[in-house]
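A.B. asks: Sharing a structure, written as structure tokens. Questions coming.
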Amino acid sequence: MEAIASPADVSTNVIRASQCPGGCDPRPSLLLRGPDRFHGRTELYTLLRCPNCSLVWIDSPPPPAEMGRHYGPDYDRSISSTGEATLERWRGRCATIAKYQQGGRILDLGCSSGSFLSAMPRDRWQLFGIEMSQEVAERARARCGATVFVGDVLDATFPPNYFDAITCIHVFEHVYKPKEVLSKVAEWLKPGGIFYTLMPNIDSAAFRFFKSYWYALELPRHLFHFSPRSLAHVAGSVGMKTLSLQTERQIFFELSARYALNDMLESIGIRRQPAATAPPVGLPFRVVRKAFRLTLRPILDAAIGLGGDKEIIEGIFQKPYPGSES
């Protein structure tokens, strides 16, 4: 991999590009460059990797004041269409948390409209959330009765040793200062409390296969890209103990293949609408897609899966009791 020749400011919100944000000393290497394929934009973003802990991050990401243009209604609509609002999606996650904590206070970082919190048993859990949007926070309050702080995680003012569980589901990769956020998590958790998180795995087979076309890369919305090793490293750096680190298969084959196809067609002068603004597909295409999912896709998923680790990280970390080994 290409080494970074000289220091460069990532932004005022992130550590300098020549230094690993996880605190490692080695100079990072170039992983890849790629555009925002979801919106069909051409500006390239550079991903750097720490050779020590394997953490990956964007060099010179958009500052927070400009990040709104990289989300917007089209992005929100795409997230909702994946089933974000269904209770069924969260049943297994709630059962996993219950293996470690059966009740108390739970805080969801980036709680959105409260779909995950609404799946937690309210007879056992007191619900809290953090959400950047006032409008979305109001929906979460109405939906599940949660107490929701509106603003940045690092600006929230919960007392120390307050929560029995804190969750961060497909949000941690969006934050500008992951180590500082985890420090807050460790401060807010009671001793023995758990931090439960889900995020894409940058060391997965699908990333190795699709590279910059991998749907879960989400440039530039995903500011950091974790592997199980880098996630355990940053959690350990703030004193958190790893209880469980697993990966799950979710290749995003069709979405990633769409990005690659769009790029190929554009190279011969055929421009398709980007995923953000593409209209709903018609019935004939849905029939073909259903046939593909029942026949070829399992084979292709299995073939890609032979290339390495699975695509989604599920991490569970604990704040140690005083005097115990972290």
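If you're matching positions, the sequence shown starts at 68 in our numbering and goes up one per residue.
Every residue, glycine too, gets a C-beta built ideally from N, C-alpha and C.
Can you name the residues that DSSP bridges to E381?
C.D. replies: L265, Q313
A.B. asks: Is there contact here, the region 289 to 298 with the region 118 to 127, by at least three beta-carbon pairs under 8 Å?
C.D. replies: yes
A.B. asks: Among E110, P129, F384, which has the Cα closest to the Cα of H241?
C.D. replies: P129
A.B. asks: Under 8 Å: do the region 235 to 249 and the region 177 to 191 share three or more Cβ pairs, one atom per stretch?
C.D. replies: yes
A.B. asks: What's the gap between the Cα of D231 and the Cα of I261?
C.D. replies: 7 Å
A.B. asks: What are the complete beta strand (DSSP E) segments, minimum 3 residues, inside the region 308 to 356?
C.D. replies: You should have 308 to 315.
A.B. asks: When you compare the CB positions of P258 and K386, do they come within less than 7 Å of one another, or not?
C.D. replies: yes
A.B. asks: Can you list, in chain order, the residues of its chain whose CB lies under 6 Å from that of L418, leaving out five sequence neighbours each side?
C.D. replies: Residue 418 cannot be examined here, being either before or after the span of the chain that is shown, 68 to 393.
A.B. asks: Would R296 pass as an interface residue toward chain B - the criterion being a Cβ-Cβ separation below 7 Å?
C.D. replies: In summary, chain B is missing from the structure at hand, where a single protein chain is found.
A.B. asks: Residues bridged to Y112 by DSSP?
C.D. replies: G101
A.B. asks: Just tell me which of R158, S200, K251 has its CA closest to the CA of V301.
C.D. replies: K251
A.B. asks: For T163, which three-state DSSP category applies?
C.D. replies: helix
A.B. asks: Taking I164 as the reference, give the member of R325, A186, E333 with the closest Cα.
C.D. replies: Answer by Cα proximity: A186.
A.B. asks: Using the Cα positions of V217 and C161, report the straight-line distance between them to the nearest angstrom.
C.D. replies: 24 Å
A.B. asks: Based on DSSP bridge pairs, tell me the residues matched to H27.
C.D. replies: Because the chain here runs from 68 to 393, residue 27 falls outside it and cannot be looked at.
A.B. asks: Rounded C-beta distance between A209 and L194? I'm assuming under 8 Å.
C.D. replies: At roughly 13 Å, the Cβ-Cβ gap does not stay under 8 Å, so A209 and L194 are not in contact.
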